[in-house]
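Worksheet: the structure to be examined is printed underneath.
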Amino acid sequence: METVRQTIRVPKNHEIKIKIPENIKENDSVEIVLISGLEDKKRGLEELKKAMEDKLFLEDLNECMDDFKYVDAEGLEE
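Structure follows, in structure tokens:
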């Protein structure tokens, strides 16, 4: 099995033409998947990276972790 990935912008006519690699035999079955919203996912990952450098965010995160550390340990004491 081979995976070929290409990211494109949707054209005005909403049509794309797919060039199949030569090494894929004629009449072979292939699966075509369209995934939209890639920019949103990338933007979200960038925001998470920024958050890991945000002192206030990290302080809040540590405070939440401290609040739950005893609750998390309760199930382990059985």
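Each number in this note's numbering comes from the position in the sequence shown (counting from 1) with 365 added on. The C-beta atom is built at its ideal place from N, Cα and C for all residues, glycine as well.
- Minimum Cα-Cα distance from Q371 among the listed residues L423, K420, C429 and L403 corresponds to L403.
- Short of 7 Å from the beta carbon of F422, and not among the five residues preceding or following it, lie these beta carbons of its own chain, in chain order: A416.
- In the three-state reduction of the DSSP assignment, E418 falls in the coil class.
- Per the coordinates, the alpha-carbon of I400 lies some 15 Å from the alpha-carbon of T368.
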